[in-house]
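K.L.:
Got a structure for you, questions after.
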Amino acid sequence: MHAYELLRPMMRAFYASAMAASTGVPKPVDAASILVEGEDPDAILLLGNGPAHGWGVVTHQLSLTGHLGRAVTARTDRPCAVTFIGDETMNVSSALAWIGDHDVAAYDAVVVVLGINDAVRLTRVPVWRERFVELMDALVASTRPSARILVAGMQPVRSVTPYDSALGGIAQRHAERLDREAREVVDATERASFHPLGAPELEPDRPHGSSRVYRSWAREIADAAAPLLAEVREAEGASRAPHRPVEPAFEWAGTARLVEQARYGGSAELQRLAVQAQERFDVDVAVVSLLDGDRLWYAMNTDRLPFSIPRDMAYCATVVADDDALVVPDAQRDPRFAGNPFIDITGMDFYAGYPLHSSDGEPIGTFCLLDRRTRAASAVSIEGLREIALQAETELQRYETGPADAAAGGGRTPDGADTDG
84 MHAYELLRPM MRAFYASAMA ASTGVPKPVD AASILVEGED PDAILLLGNG
134 PAHGWGVVTH QLSLTGHLGR AVTARTDRPC AVTFIGDETM NVSSALAWIG
184 DHDVAAYDAV VVVLGINDAV RLTRVPVWRE RFVELMDALV ASTRPSARIL
234 VAGMQPVRSV TPYDSALGGI AQRHAERLDR EAREVVDATE RASFHPLGAP
284 ELEPDRPHGS SRVYRSWARE IADAAAPLLA EVREAEGASR APHRPVEPAF
334 EWAGTARLVE QARYGGSAEL QRLAVQAQER FDVDVAVVSL LDGDRLWYAM
384 NTDRLPFSIP RDMAYCATVV ADDDALVVPD AQRDPRFAGN PFIDITGMDF
434 YAGYPLHSSD GEPIGTFCLL DRRTRAASAV SIEGLREIAL QAETELQRYE
484 TGPADAAAGG GRTPDGADTD G
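Using the working numbering, read the sequence shown as starting at 84 and increasing by one per residue.
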């Protein structure tokens with residue numbers, strides 16, 4: 084072990100502080116898929132966090148996702164479809180869960196941009212390598228035999244404004260070690276290649292990221308991806324099947340409406356209930372969650388939480404499975420949740436949730452409380468939580484027949500997005 088790794092608890096706190104300070108920083112709110120129109124597009128799955136997350140812009144058209152599609156088209160003279168899976172909270176240990184049931188075989192190439200949070204939090208090198216091998220093996224197994232995998236190295240850590248400090252320098256040392264491990268794994272993986280990612284040239288008034296930054300990175304990645312995509316087409320020849328977008332298939336009648344409205348703040352009533360619960364129970368986050376398929380979707384508060392997370396990593400999955408209230412005083416002391424990568428990276432170790440039901444009585448989600456501070460189970464009145472949850476359930480059921488009322492002025496829209504394309 085290197086001596087600097089003794090600072091792991093401090094570095095984890097450093098990352099948590101940076102994430103807490105990022106609340107309110109713009110991030111894309113629209114669907115994470117773009118298509119440069121035309122017949123038979125090259126299809127790319129972009130898997131990642133850090134630069135792939137889209138800090139600083141509010142639409143994926145201006146994030147790495149959109150710019151990558153346009154940059155690939157500029158180099159190939161062919162249309163390109165790019166779908167993004169990931170979030171800042173995704174790390175190497177949770178990447179496979181984020182992919183979930185998604186049809187990876189639909190893509191010509193998978194571009195992986197991963198590792199900044201693992202570097203900053205000083206993920207142990209053997210753990211990184213083991214999880215990275217698992218990810219590469221799974222991608223090889225789930226992609227078509229002709230498909231290619233392109234792994235981008237980590238950007239210099241101190242080029243990320245919140246990490247431009249002495250502690251960021253420690254993270255940079257660790258990132259270099261993780262990148263070396265990743266390159267070794269990639270070199271030993273069939274159909275995979277590694278491309279180092281350079282530092283961005285940040286705009287002075289856009290320290291968290293901008294369309295210009297993502298365009299620069301996209302061009303760099305497209306230079307590496309274009310010849311790989313040509314190899315895919317050559318290998319498939321006349322047997323190549325047209326790309327069909329992977330559309331989400333929802334089980335509950337109201338899911339599509341809830342997901343779309345949540346992007347812009349969620350219903351005014353659910354927001355009101357969340358604020359009421361936050362104040363009443365003195366917690367960091369109160370939110371309505373909906374479980375559908377392999378995902379959990381949040382109905383609001385998505386400035387503090389991702390739009391969705393893998394179902395397998397959600398406290399709420401236990402509530403829905405048991406159809407009963409759940410209080411977790413300290414996740415790290417609960418064998419059901421200790422080691423959960425999503426809980427670990429968000430630090431939300433306290434949880435209380437109450438089940439919500441569809442109009443036919445099926446448990447479909449929760450009204451839940453999350454907090455970084457651990458506390459006694461008695462700190463939350465289940466009866467009080469139930470009282471608010473039943474009001475949320477009534478509102479949630481309205482999504483079955485039509486959209487609930489939009490938030491009055493509280494939702495976010497792509498208007499005013501960075502238009503530097």
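Idealized CB from N, CA, C, for every residue including glycine. In this text the structure is predicted, and so the values were computed from the model without any measurement.
So, is the C-beta of L374 closer than 8 Å to a C-beta in chain B?
P.N.:
The structure shown contains no chain B, having only a single protein chain.
K.L.:
Which one or two residues does DSSP pair with P393 in a beta bridge?
P.N.:
One-based indexing of the sequence shown puts residue 393 at position 310. Beta-bridge pairing links P393 to R378.
K.L.:
How many angstroms separate the CA atom of V203 from the CA atom of E445?
P.N.:
Position 120 of the sequence shown, counted from the first residue, corresponds to residue 203. Position 362 of the sequence shown, counted from the first residue, corresponds to residue 445. Spanning the two alpha carbons is a distance of roughly 42 Å.
K.L.:
For V195, count neighbouring C-beta atoms within 10 Å of its own C-beta (all shown protein chains included) and say buried if the count is 16 or more, exposed if not.
P.N.:
Residue 195 sits at position 112 when you count from the first residue of the sequence shown. By the 10 Å Cβ count, V195 comes out buried.
K.L.:
Distance check for A235 and G152, CA to CA, integer angstroms please.
P.N.:
By 1-based counting over the sequence shown, the position of residue 152 is 69. By 1-based counting over the sequence shown, the position of residue 235 is 152. Whole-angstrom Cα-Cα distance: 16 Å.
K.L.:
For L250, I'd like the list of residues in its chain whose CB is within less than 6 Å of its CB, leaving aside the five on either flank, ordered along the chain.
P.N.:
Reading the sequence shown from its first residue, position 167 is the one you call residue 250. Contacts found: F97.
K.L.:
Within a Cβ cutoff of 8 Å, which residues of the same chain sit near D123, ignoring the five residues on either side of it in sequence?
P.N.:
In the sequence shown, the residue the question calls residue 123 occupies position 40. Answer for D123: R161, P162, R323, P325, H326, listed in chain order.
K.L.:
Would the beta-carbon of L233 fall within 8 Å of that of L311?
P.N.:
Translated into positions along the sequence shown, residue 233 becomes position 150. Translated into positions along the sequence shown, residue 311 becomes position 228. Yes, Cβ-Cβ distance for L233 and L311 is below 8 Å.
K.L.:
Starting from the N-terminal side, write out each stretch of the beta strand (DSSP E) that is 3 residues or longer and does not extend beyond the region 177-213.
P.N.:
List check, beta strand (DSSP E) in window: 192-196.
K.L.:
For a test of the three-state rule: what should DSSP assign to D443, helix, strand or coil?
P.N.:
In the sequence shown, the residue the question calls residue 443 occupies position 360. Residue state, collapsed to three classes: coil.
K.L.:
Under three-state DSSP, which class holds H278?
P.N.:
In the sequence shown, residue 278 corresponds to position 195, counting from 1. Three-state DSSP puts H278 in a strand.
K.L.:
By the 10 Å Cβ neighbour count, where 16 or more other Cβ atoms means buried, how is V210 classified, buried or exposed?
P.N.:
Taking the sequence shown and counting its residues from 1, one reaches residue 210 at position 127. It is exposed - the Cβ of V210 has fewer than 16 other Cβ atoms within 10 Å.
K.L.:
Which residue comes first and which comes last in the alpha helix (DSSP H) that contains D427?
P.N.:
Counting from one through the sequence shown, the residue named residue 427 turns up at place 344. That run of the alpha helix (DSSP H) goes 424-429.
K.L.:
Which residue comes first and which comes last in the alpha helix (DSSP H) that contains V155?
P.N.:
Here residue 155 refers to the residue found at position 72 when the sequence shown is read from its first residue. Start and end: 147-159.
K.L.:
Tell whether a beta-carbon distance below 8 Å holds between L280 and W300.
P.N.:
In the sequence shown, counting from the first residue as 1, residue 280 sits at position 197. In the sequence shown, counting from the first residue as 1, residue 300 sits at position 217. A contact, by the Cβ cut-off of 8 Å.
K.L.:
Give me the Cα-Cα distance between A258 and H278, rounded to the nearest whole angstrom.
P.N.:
For the purposes of this step, residue 258 is taken as the residue at position 175 of the sequence shown. For the purposes of this step, residue 278 is taken as the residue at position 195 of the sequence shown. Distance between the alpha carbons of A258 and H278 is about 15 Å.
K.L.:
Which residue or residues does DSSP assign as beta-bridge partners of V234?
P.N.:
Residue 234 sits at position 151 when you count from the first residue of the sequence shown. Answer is V195, F277.
K.L.:
Can at least three beta-carbon pairs, one atom from the region 390-403 and one from the region 173-184, be found at a separation below 8 Å?
P.N.:
These segments touch.
K.L.:
Taking V370 and L341 to be in contact with their CB atoms under 8 Å, please state how far apart those CB atoms are, rounded to whole angstroms.
P.N.:
Numbered from its first residue, the sequence shown carries residue 370 at position 287. Numbered from its first residue, the sequence shown carries residue 341 at position 258. Not confirmed; about 12 Å, so no contact.
K.L.:
For S506, count neighbouring C-beta atoms within 10 Å of its own C-beta (all shown protein chains included) and say buried if the count is 16 or more, exposed if not.
P.N.:
Because the chain spans 84 through 504 in this model, residue 506 falls outside it and cannot be assessed.
K.L.:
With G139 and V108 assumed to form a contact (beta carbons below 8 Å), what rounded beta-carbon distance in angstroms separates them?
P.N.:
Along the sequence shown, one-based indexing puts residue 139 at 56. Along the sequence shown, one-based indexing puts residue 108 at 25. Confirmed, about 7 Å.
K.L.:
Cutting at 7 Å between CB atoms, please list the residues of its own chain near F425, excluding the five before and the five after it.
P.N.:
For the purposes of this step, residue 425 is taken as the residue at position 342 of the sequence shown. Only T172, S177, I392, M396 meet the Cβ criterion.
K.L.:
Pick out whichever of E88, R456, A101, G436 has its Cα sitting closest to the Cα of G448.
P.N.:
Locating residue 448 in the sequence shown gives position 365, where the first residue counts as 1. Answer by Cα proximity: G436.
K.L.:
Would you tell me roughly how many angstroms separate the C-alpha atoms of G252 and V240, rounded to the nearest one?
P.N.:
Here the question's residue 252 lines up with position 169 in the sequence shown. Here the question's residue 240 lines up with position 157 in the sequence shown. Taking the straight line joining both Cα atoms gives about 7 Å.
K.L.:
Who are C399's beta bridge partners in DSSP?
P.N.:
Against the sequence shown, residue 399 aligns to sequence position 316. Answer is none; C399 lacks a bridge partner.
K.L.:
In the DSSP assignment, find the beta strand (DSSP E) that holds G131 and state where it starts and stops.
P.N.:
Along the sequence shown, one-based indexing puts residue 131 at 48. Residues 125-131.
K.L.:
Can you tell me whether T484 is buried or exposed? The criterion is at least 16 other CB atoms within 10 Å of its CB, across all chains shown.
P.N.:
Residue mapping note: residue 484 aligns to position 401 of the sequence shown, counting from 1. The residue in question, T484, is exposed, as its Cβ has fewer than 16 Cβ neighbours within 10 Å.
K.L.:
Alpha carbon to alpha carbon, how far is R158 from S293?
P.N.:
Your numbering for residue 158 matches position 75 in the sequence shown. Your numbering for residue 293 matches position 210 in the sequence shown. If you take the alpha carbons of R158 and S293, they lie about 22 Å apart.
K.L.:
Does the Cβ-Cβ distance between A408 and Y434 come in under 8 Å?
P.N.:
The sequence position of residue 408 within the sequence shown is 325, counting from 1. The sequence position of residue 434 within the sequence shown is 351, counting from 1. Cβ atoms of A408 and Y434: not closer than 8 Å.
K.L.:
Just to confirm, are W335 and D377 a CB contact at a threshold of 8 Å?
P.N.:
Start at 1 with the first residue of the sequence shown, and residue 335 comes out as number 252. Start at 1 with the first residue of the sequence shown, and residue 377 comes out as number 294. No.
K.L.:
Who are the near neighbours of F167 in its chain, counting only those whose CB is closer than 6 Å to its CB and skipping five residues on each side?
P.N.:
To locate residue 167, count along the sequence shown from 1; it is residue 84. Cβ within range, chain order: A115, L129, T148.
K.L.:
Considering only their Cβ atoms, is the gap separating V463 from F364 smaller than 8 Å?
P.N.:
The sequence position of residue 364 within the sequence shown is 281, counting from 1. The sequence position of residue 463 within the sequence shown is 380, counting from 1. Contact: yes.
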